[in-house]
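J.: First the structure, which I've put down as structure tokens, then a few questions once you've had a look.
There are 2 protein chains.
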Amino acid sequence: MWLNTHYQALNEQYLFSQIARRVGQYKEQNPSARVISLGIGDVTRPLVPAVVEALNRGVEEMSKAETFHGYGPEQGYPFLREAIVEYYERRGVALDLDEVFVSDGAKSDLGNILDLFHQENIALIPDPVYPVYVDTNLMAGRTIHYIKAVKENDFLPLPDWDVSCDLVYLCSPNNPTGAAYSKSALTEWVRYTIEKGAVLLYDAAYESFIQEDGVPHSIYEIPEANTCAIEFCSFSKMAGFTGLRCSWTVVPKGLRFGGMGLNSMWLRRQTTKFNGVPYIVQRAAQAVFSPEGLEQVEATLSYYRENAATIQQALEQAGIYYTGGKNSPYIWMECPGAMDSWQFFQQLLEQAQVVGTPGAGFGENGKGFFRLTAFGSHEDTKEAAERLEKLLLQWKERG
Amino acid sequence: MWLNTHYQALNEQYLFSQIARRVGQYKEQNPSARVISLGIGDVTRPLVPAVVEALNRGVEEMSKAETFHGYGPEQGYPFLREAIVEYYERRGVALDLDEVFVSDGAKSDLGNILDLFHQENIALIPDPVYPVYVDTNLMAGRTIHYIKAVKENDFLPLPDWDVSCDLVYLCSPNNPTGAAYSKSALTEWVRYTIEKGAVLLYDAAYESFIQEDGVPHSIYEIPEANTCAIEFCSFSKMAGFTGLRCSWTVVPKGLRFGGMGLNSMWLRRQTTKFNGVPYIVQRAAQAVFSPEGLEQVEATLSYYRENAATIQQALEQAGIYYTGGKNSPYIWMECPGAMDSWQFFQQLLEQAQVVGTPGAGFGENGKGFFRLTAFGSHEDTKEAAERLEKLLLQWKERG
Chain Y
23 MWLNTHYQAL NEQYLFSQIA RRVGQYKEQN PSARVISLGI GDVTRPLVPA VVEALNRGVE
83 EMSKAETFHG YGPEQGYPFL REAIVEYYER RGVALDLDEV FVSDGAKSDL GNILDLFHQE
143 NIALIPDPVY PVYVDTNLMA GRTIHYIKAV KENDFLPLPD WDVSCDLVYL CSPNNPTGAA
203 YSKSALTEWV RYTIEKGAVL LYDAAYESFI QEDGVPHSIY EIPEANTCAI EFCSFSKMAG
263 FTGLRCSWTV VPKGLRFGGM GLNSMWLRRQ TTKFNGVPYI VQRAAQAVFS PEGLEQVEAT
323 LSYYRENAAT IQQALEQAGI YYTGGKNSPY IWMECPGAMD SWQFFQQLLE QAQVVGTPGA
383 GFGENGKGFF RLTAFGSHED TKEAAERLEK LLLQWKERG
Chain A
23 MWLNTHYQAL NEQYLFSQIA RRVGQYKEQN PSARVISLGI GDVTRPLVPA VVEALNRGVE
83 EMSKAETFHG YGPEQGYPFL REAIVEYYER RGVALDLDEV FVSDGAKSDL GNILDLFHQE
143 NIALIPDPVY PVYVDTNLMA GRTIHYIKAV KENDFLPLPD WDVSCDLVYL CSPNNPTGAA
203 YSKSALTEWV RYTIEKGAVL LYDAAYESFI QEDGVPHSIY EIPEANTCAI EFCSFSKMAG
263 FTGLRCSWTV VPKGLRFGGM GLNSMWLRRQ TTKFNGVPYI VQRAAQAVFS PEGLEQVEAT
323 LSYYRENAAT IQQALEQAGI YYTGGKNSPY IWMECPGAMD SWQFFQQLLE QAQVVGTPGA
383 GFGENGKGFF RLTAFGSHED TKEAAERLEK LLLQWKERG
């Protein structure tokens, strides 16, 4: 009996437990302090009425023999896949129904998709990055090359054509940096992927936060991406489904290598190792795309966008470099002075009672940076932004 | 770029599409025929009131900011894991809370658990079998040894101590044969697994159908199983959750090999590649274990058990050998005469307008056998059983 010893190469996931430990310690020593978190990576607004109604109708159906639903299609009910295809159609992207796969989360699919690839493949992953891309490749023993995302390229690195690879990861708008690629930059990444005979794994989980024109919502807005890219998207941030669990993955039929099609391989993987998303959750997801649903989730997104703008204004007043916020719930700020991200974390906690996420938790290039998020309440975000601005200005005055 | 070429070793999953094609053809040629299916592998009774109420309460919570739930613990909320631990306690099995992992389906976990093992390991799998065990191992390029489940061993094979292996699959009560292992037989399998330094992957998805004393509901009723066995169980058949998606997997902390613990490896796998089961579904699952919930799901199980008894009686009247029914929703009957399972399928469809599942679809040793299921309505099951009995007796008279 041999275990998969590649698991030994994984680091402990200590980032958020470390944060919790430090915050807990501070609160214990300062019981009257009002600590506000700008580090929340989860939505906080409730499900919108259209979604709640769809859930209630679904539960009612499940309570009667005549309308009960048992096993559904593993890749999702056609009613939901049709709604997703229409969502793409509205921005000029044409997909076939069987290119869309409904699942329980982009995180699951981003991990499970690696089943389809040989473990000798080399993965190209930006740094800083959402840790799941790295860990899932380490678990399979794959070699990883990192792409430097740094201030000099505004955290939007372009391909280095001298470097070869097999799997390319991009996340736009990005977690943790909030930076979003332009159409021309993504066009270069698609060309690079095709030139290298690679597959682009494109994480679009934050696309619904995009406000600027010219920033693609889907990789398939780029010509020929349907011959090289798999797209992961989710209802989590778009419609507050983090506790309801529903996402989708697009695997175009144009992705073929050595006579094998990735679309039929993924179908085979999902029908063998997955049994679909709950019927009631799929009905809820369908309701997101109804006219009322879209209007209601747009209102929730605007709520978070106002928070992002509040944080951006504070940083601008204090003259701090940052990315994100405009097209993303994340704001990625440079730590002031020569502070590293954990030092800044501690100072911000102790002097302003505000919590955020040290950039070092997302990779080497995150070390002098700090992630703030727009998922709090208006009241808390406003107060935390004021405290942050005041502290940053104080430091500036002192030099 | 290399794909995982092991996918090419997979057979097309044509069993149920082949059945649908043949039934469709028959109906087209005989539009007035009333075809009844005894081949349903899915539950048909609605969710019980306790579960429906819990779902409604959960949806209500998700509709308000104060009680909204976003991301939950990947391994399941403590309230549900505690209820599962208590369920085991009632039959004398002691588990720690962190040995129980909630997920979206036994099928998912049975596939995903293989991430933890080296691909050079040899899998020992009974034949006939639930196809997922075979396919998930083929996808990883593993060698499979089959264990013969045949009439001579009443479809309950015991270990062959001359054969070595690393992963042992058992499903009891079995799909497709309905046969259930005794405590002494399972004790022998556990001893064999320990002797070989292997891991036992024990599928207990049908445990709630067990009626006979002396038939274990859990592998952990066997001494030392907590050093060698992982158990997969599900709310699907127990409480009609096939469309709601909730299951659990037990990975005892006693499973350690070469300094690595399978419990912490599975936790790492799930926290990296999974994001938990919907909050409302976990509340629904918790409600199954309430006094009302248990009483209500027991009534549904009794409904199916009556169907199983109806089918068993018909086969006994006709003097046909079968396994299952007593502790299982499946009845596995020998095809009469020298018919193979597809011939019998066609005869039964044409002469009695009854549909079942040819045993050949579950492996070599299923070829002269046929699977009937207890998931239909009382009325349909009664009529189909009468038609089946009549046909079998006619054939017997004719010799």
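Each protein sequence line maps, in turn, to chains Y and A. For the first sequence, counting from 1, position 221 maps to 243 in my numbering; every step adds exactly one. For the second sequence, counting from 1, position 97 maps to 119 in my numbering; every step adds exactly one. Backbone N, C-alpha and C fix where the C-beta goes; we use that ideal spot for every residue, glycine too.
So, at 8 Å on beta carbons, what are the nonlocal neighbours of Val81(Y) in its own chain, with the 5 sequence-adjacent residues on each side left out?
T.: By 1-based counting over the first sequence, the position of residue 81(Y) is 59. Excluding residues within five positions, the ones whose Cβ falls inside 8 Å are Ile302.
J.: When the distance is taken between beta carbons, is Val154(Y) closer than 8 Å to Thr294(A)?
T.: On the second sequence, position 272 is the one that residue 294(A) refers to. On the first sequence, position 132 is the one that residue 154(Y) refers to. Against a cut-off of 8 Å, the Cβ pair of Val154(Y) and Thr294(A) comes out as a contact.
J.: With DSSP run on the structure shown, which of helix, strand or coil describes Glu142(A)?
T.: The count along the second sequence starts at 1 and reaches residue 142(A) at position 120. The answer is coil: DSSP assigns Glu142(A) none of H, G, I, E or B.
J.: Can you tell me whether Pro53(A) is buried or exposed, with buried defined as 16 or more other CB within 10 angstroms of its CB?
T.: Residue 53(A) sits at position 31 when you count from the first residue of the second sequence. Answer is exposed; the Cβ neighbour count stays below 16.
J.: Going along the stretch 132-153 of chain A in order, which residues come within less than 7 Å of chain D, judged by CB to CB distance?
T.: Among the protein chains in the structure shown, which are Y and A, there is no chain D.
J.: When burial is assigned at 16 or more other CB atoms within 10 Å of the CB, is Pro198(Y) buried or exposed?
T.: Walking along the first sequence from the start, residue 198(Y) turns up at place 176. When all chains shown are included, Pro198(Y) counts as buried.
J.: What's the C-alpha gap between Ala128(A) and Gly315(A)?
T.: Residue numbering aside, residue 128(A) sits at position 106 when the second sequence is read from its first letter. Residue numbering aside, residue 315(A) sits at position 293 when the second sequence is read from its first letter. Roughly 21 Å separates the two Cα atoms.
J.: Sort out for me which residues DSSP pairs Cys255(Y) with in a bridge.
T.: Counting from 1 along the first sequence, the entry for residue 255(Y) is found at position 233. Its beta-bridge partners are Trp270(Y).
J.: How long is the line joining the alpha carbons of Gln292(A) and His140(A), rounded to whole angstroms?
T.: For the purposes of this step, residue 292(A) is taken as residue 270 along the second sequence, with counting starting at 1. For the purposes of this step, residue 140(A) is taken as residue 118 along the second sequence, with counting starting at 1. The alpha-carbon atoms of Gln292(A) and His140(A) are separated by roughly 18 Å.
J.: Just checking: is the beta-carbon of Gly280(Y) within a distance shorter than 8 Å of some beta-carbon in chain A?
T.: Indexing the first sequence from 1 puts residue 280(Y) at position 258. So yes, Gly280(Y) belongs to the interface.
J.: Where do the N-terminal and C-terminal ends of the beta strand (DSSP E) with Glu356(Y) fall, by residue?
T.: To locate residue 356(Y), count along the first sequence from 1; it is residue 334. Glu356(Y) -> beta strand (DSSP E) spans 352-356.
J.: Since Gly390(A) is in the beta strand (DSSP E), which residue starts that stretch and which ends it?
T.: Locating residue 390(A) in the second sequence gives position 368, counting from the first residue. No beta strand (DSSP E) holds Gly390(A); DSSP gives it neither H nor E.
J.: For the candidate residues Val57(Y), Ala220(Y), Met361(Y), whose alpha-carbon lies nearest to that of Arg409(Y)?
T.: As a position in the first sequence, residue 409(Y) is number 387, starting the count at 1. Among Val57(Y), Ala220(Y), Met361(Y), the Cα nearest to that of Arg409(Y) belongs to Val57(Y).
J.: Residues in its own chain within less than 7 Å of Tyr29(A) by CB, not counting five upstream and five downstream?
T.: Here residue 29(A) corresponds to residue number 7 of the second sequence, with the count starting at 1. Here the set comprises Met161.
J.: Since I believe Leu323(A) is in contact with His231(A) (beta carbons under 8 Å), could you give me their beta-carbon distance rounded to a whole number of angstroms?
T.: What you label residue 231(A) is simply residue 209 of the second sequence in a count that begins at 1. What you label residue 323(A) is simply residue 301 of the second sequence in a count that begins at 1. Here residue 231(A) turns out to be Phe, not His, going by the sequence shown. Contact flag correct, Cβ pair sits at about 7 Å.
J.: Would Gly265(A) count as contacting chain Y if we go by Cβ distances under 8 Å?
T.: Along the second sequence, read from residue 1 onward, the residue named residue 265(A) stands at position 243. For Gly265(A), the answer is yes, since a Cβ of chain Y falls inside 8 Å of its Cβ.
J.: Under 8 Å, with one C-beta from each stretch per pair, do the stretch 34-47 of chain Y and the stretch 376-391 of chain Y reach the 3-pair mark?
T.: As far as the Cβ criterion goes, the stretch 34-47 of chain Y touches the stretch 376-391 of chain Y, which means the pair count is three or higher.
J.: Starting from the C-beta of Tyr326(A), find all residues in its chain whose C-beta is less than 7 Å away, skip the five residues before and the five after it, and write them out in chain order.
T.: Residue 326(A) sits at position 304 when you count from the first residue of the second sequence. Only Pro351, Ala396, Phe397 meet the Cβ criterion.
J.: What residue from Asp188(Y), Leu414(Y), Tyr110(Y), Glu104(Y) has the CA that sits closest to Glu142(Y)'s CA?
T.: For the purposes of this step, residue 142(Y) is taken as the residue at position 120 of the first sequence. It is Asp188(Y) whose Cα lies nearest to the Cα of Glu142(Y).
J.: Does chain A have any CB closer than 8 Å to the CB of Ala220(Y)?
T.: On the first sequence, position 198 is the one that residue 220(Y) refers to. Interface residue, yes.
J.: Residues in its own chain within less than 6 Å of Trp288(A) by CB, not counting five upstream and five downstream?
T.: What you label residue 288(A) is simply residue 266 of the second sequence in a count that begins at 1. Here the set comprises Val273.
J.: Under the DSSP definition of a beta bridge, which residues are partnered with Pro148(A)?
T.: Position 126 of the second sequence holds residue 148(A). In the DSSP output, where bridge partners are listed per residue, Pro148(A) has Ile169(A).
J.: Do Leu132(Y) and Asp64(Y) have their C-beta atoms closer together than 8 Å?
T.: For the purposes of this step, residue 132(Y) is taken as the residue at position 110 of the first sequence. For the purposes of this step, residue 64(Y) is taken as the residue at position 42 of the first sequence. The answer is no: Cβ separation not under 8 Å.
J.: Check whether the Cβ of His91(Y) lies closer than 8 Å to any Cβ atom in chain A.
T.: On the first sequence, residue 91(Y) is found 69 positions in, with the first residue counted as 1. Interface residue, yes.
J.: To the nearest angstrom, report how far apart Trp24(Y) and Asp137(A) are at their CA atoms.
T.: For the purposes of this step, residue 24(Y) is identified with residue 2 of the first sequence, where counting begins at 1. For the purposes of this step, residue 137(A) is identified with residue 115 of the second sequence, where counting begins at 1. C-alpha separation (whole angstroms): 12 Å.
J.: Using only the alpha-carbon positions, how far apart do Leu223(A) and Cys250(A) sit?
T.: In the second sequence, the residue the question calls residue 223(A) occupies position 201. In the second sequence, the residue the question calls residue 250(A) occupies position 228. Answer to the nearest angstrom: the Cα atoms are 9 Å apart.
J.: Is Gly180(A) buried or exposed, if buried means 16 or more other CB atoms sit within 10 Å of its CB?
T.: Your numbering for residue 180(A) matches position 158 in the second sequence. Reading off the sequence, residue 180(A) comes out as Leu, not Gly. Classification of Leu180(A): exposed, given that the 10 Å Cβ count is below 16.
J.: Starting from Thr480(A) and walking both ways along the alpha helix (DSSP H), at which residues does that stretch end?
T.: Given that chain A is displayed from residue 23 to residue 421, the structure contains no residue 480(A) and the question cannot be resolved.
J.: Using C-beta distances below 6 Å, list every residue in its chain close to Ala31(A), excluding the 5 sequence neighbours before and after it, in chain order.
T.: Translated into positions along the second sequence, residue 31(A) becomes position 9. Closer than 6 Å at the Cβ level, and outside the excluded window around Ala31(A), lie Leu160.
J.: How would you list, in chain order, the residues of chain Y whose beta-carbon sits under 7 Å from the beta-carbon of Arg290(A)?
T.: As a first step, residue 290(A) must be located in the second sequence, where it is residue number 268. Chain Y residues near Arg290(A): Tyr29, Leu32.
J.: Between the stretch 86-112 of chain A and chain Y, which residues of the former have a C-beta closer than 7 Å to a C-beta of the latter?
T.: Result list: Lys86, Ala87, Phe90, His91, Gly92, Tyr93, Gly94.
J.: Between Phe254(Y) and Ala220(Y), which are expected to be in contact by the criterion C-beta below 8 Å, what is the C-beta distance as a whole number of angstroms?
T.: Position 232 of the first sequence, counted from the start, is the residue given in the question as residue 254(Y). Position 198 of the first sequence, counted from the start, is the residue given in the question as residue 220(Y). The Cβ separation is near 16 Å, so there is no contact.
J.: Which residues in chain A sit within 7 Å of Leu77(Y), going by Cβ to Cβ distance?
T.: The residue given as residue 77(Y) occupies position 55 in the first sequence. Per Cβ cutoff of 7 Å: Val81.
J.: Looking only at C-alpha atoms, which of Glu401(Y), Tyr203(Y), Phe123(Y), Ser363(Y) sits nearest to Asn329(Y)?
T.: Position 307 of the first sequence, counting from 1, holds the residue named residue 329(Y). Nearest option by C-alpha distance: Glu401(Y).
J.: Please classify Val190(Y): does DSSP put it in a helix, a strand, or coil?
T.: As a first step, residue 190(Y) is located in the first sequence; it is residue number 168 there, counting from the start. Reduced to three states, the DSSP call for Val190(Y) is strand.
J.: Within 8 Å of any Cβ in chain A, is that where the Cβ of Tyr344(Y) sits?
T.: Position 322 of the first sequence holds residue 344(Y). No, its Cβ sits nowhere closer than 8 Å to a Cβ of chain A.
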